[in-house]
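One structure is given below, encoded as structure tokens.
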Amino acid sequence: MTADATPVPPAGRRLRFASLGSGSKGNATLVSDGETHVLVDCGFGLRETERRLARFGLHPRQLAAVLVTHEHGDHIRGVGPLARRHHLPVYLSAGTWLSRRLGEVPRHTLITPQARFAIAGLEIDPVTVPHDAREPVQFRFHAHRRSLGILTDLGHPSEHVIERFRGCDALVLECNHDPRLLADGPYPPSLKRRVGGDWGHLANAQASRLLGRLGLDRLQHIVCSHLSEQNNRPELARDALEPLLDGDTGRLTVAAQAHGFDWRDVA
Ligand SMILES: [Zn+2]
Ligand SMILES: [Zn+2]
Numbered sequence: 034m035t036a037d038a039t040p041v042p043p044a045g046r047r048l049r050f051a052s053l054g055s056g057s058k059g060n061a062t063l064v065s066d067g068e069t070h071v072l073v074d075c076g077f078g079l080r081e082t083e084r085r086l087a088r089f090g091l092h093p094r095q096l097a098a099v100l101v102t103h104e105h106g107d108h109i110r111g112v113g114p115l116a117r118r119h120h121l122p123v124y125l126s127a128g129t130w131l132s133r134r135l136g137e138v139p140r141h142t143l144i145t146p147q148a149r150f151a152i153a154g155l156e157i158d159p160v161t162v163p164h165d166a167r168e169p170v171q172f173r174f175h176a177h178r179r180s181l182g183i184l185t186d187l188g189h190p191s192e193h194v195i196e197r198f199r200g201c202d203a204l205v206l207e208c209n210h211d212p213r214l215l216a217d218g219p220y221p222p223s224l225k226r227r228v229g230g231d232w233g234h235l236a237n238a239q240a241s242r243l244l245g246r247l248g249l250d251r252l253q254h255i256v257c258s259h260l261s262e263q264n265n266r267p268e269l270a271r272d273a274l275e276p277l278l279d280g281d282t283g284r285l286t287v288a289a290q291a292h293g294f295d296w297r298d299v300a
């Protein structure tokens with residue numbers, strides 16, 4: 034990753050998060066309370082995931098669990114191999130498990146959408162999102178009286194999503210595509226309809242409207258994520274969100290497919 038990528042301290046008092054990579058070709062997000070580290074999704078192969086974790090000074094066995102949002106390949110490609118190789122527990126909804134896309138894993142725990150659960154010091158709310166998978170959820174994390182929302186892979190901002198993600202201190206927010214680039218791009222018509230539809234992915238302008246409704250008062254970090262390399266550009270995502278920031282653009286970043294983003298501490 035970058036020169037300032039630092040290992041997780043042995044004991045910390047901060048909710049923090051980082052990304053191994055984000056976009057239509059693979060997603061994996063690290064969340065930590067300073068002691069317990071979990072991985073949300075793993076859309077990279079085993080060796081690639083190990084390599085990317087090493088950039089953060091982490092060995093897979095230092096992970097307490099892998100949490101899965103849904104069964105699409107850009108989120109689960111490496112989940113089974115990583116869990117089997119390193120004996121990691123996997124948390125996922127019944128629908129995601131019943132998709133049978135993960136293969137065998139050493140231990141899986143079924144989570145109930147809207148029902149909070151905990152992994153050591155991390156408390157986690159799984160939230161149902163409108164997306165074309167069996168039983169997709171996104172996650173809101175709580176630790177040290179701070180909260181982080183991870184909100185990608187949703188076709189539109191439902192009232193339920195707005196209610197559940199309001200008042201976060203940090204937010205990883207999908208800015209998947211620009212409608213014009215999608216329309217003019219190389220995808221076949223059926224895929225264009227899927228991506229741009231109500232159960233597909235969030236366009237930049239939709240992300241902006243959602244962010245406005247969630248409220249920005251508490252947000253220390255906003256990370257535009259899950260950008261399509263074909264149908265979006267980082268500057269378009271920025272342009273969509275920056276007008277909401279009242280000039281305070283330092284808290285906005287764009288996650289990259291190749292490098293994700295470095296640790297962000299929630300103060
Ligand atoms: Zn998806
Ligand atoms: Zn995805």
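Quick note: the sequence shown, position 78, residue 111 per this note's numbering, numbers continuous.
Don't be surprised by glycine CBs; every beta carbon is placed ideally from N, CA and C.
These numbers come from a predicted model, not from an experiment.
Query                                                                                                                : Result
Cβ shell of residue 213 (< 8 Å), same chain only, five flanking positions each side left out                         : none
Residue 70 versus 229, 157, 292 and 266, residue with shortest Cα-Cα distance                                        : 157
Cα-Cα separation, residue 42 to residue 65                                                                           : The predicted position of residue 42 is uncertain, since its pLDDT is 44 and thus under 50; no value can be drawn from it.
Cβ-heavy atom distance, residue 108 to ligand 1, below 7 Å                                                           : yes
Alpha-carbon to alpha-carbon, residue 143 and residue 221                                                            : 35 Å
Cα-Cα separation between residue 205 and residue 219, rounded to whole angstroms                                     : 27 Å
Residue 166 CB to nearest heavy atom of ligand 1 below 7 Å                                                           : yes
Own chain residues within Cβ distance below 6 Å of residue 36, not counting five before or after                     : Only weak support is given to the placement of residue 36: the predicted model assigns it a pLDDT of 45, under 50, and the value that follows is read from those uncertain coordinates. Nothing listed; no residue qualifies.
Alpha carbon of residue 34 to alpha carbon of residue 297, nearest angstrom                                          : Note that residue 34 scores a pLDDT of 43, beneath 50, so its modelled location is shaky; the value from the coordinates is reported in the next line. Distance between the alpha carbons of residue 34 and residue 297: 14 Å.
Residues near residue 301 by beta carbon distance below 8 Å, same chain, minus five either side                      : Because the chain spans 34 through 300 in this model, residue 301 falls outside it and cannot be assessed.
Any non-hydrogen atom of ligand 1 within 7 Å of residue 231 CB                                                       : no
Between the CA atoms of residue 139 and residue 111 - distance to the nearest angstrom                               : 14 Å
Simplified DSSP assignment, three categories, for residue 81                                                         : helix
Residue 179 versus 94, 253 and 83, residue with shortest Cα-Cα distance                                              : 253
Simplified DSSP assignment, three categories, for residue 130                                                        : helix
Other residues of its chain near residue 115: CB distance less than 7 Å, five sequence neighbours each side excluded : 75, 79, 82, 93, 99 and 121
Proximity test, residue 161 beta-carbon vs ligand 2 heavy atom, cut-off 7 Å                                          : no
Continuous alpha helix (DSSP H) stretch holding residue 240: start and end                                           : 237 to 247
Rounded distance between the beta-carbons of residue 117 and residue 104, thought under 8 Å                          : Rounded, the Cβ-Cβ distance is 17 Å, inconsistent with contact.
Closest residue to residue 165 among 106, 182 and 148 (Cα-Cα distance)                                               : 106
Distance between residue 46 and residue 226 (C-alpha atoms, nearest Å)                                               : 44 Å
Residues bridged to residue 160 [DSSP beta-bridge criterion]                                                         : 171
For ligand 1, residues whose Cβ lies under 5 Å from any non-hydrogen atom                                            : 105 and 186
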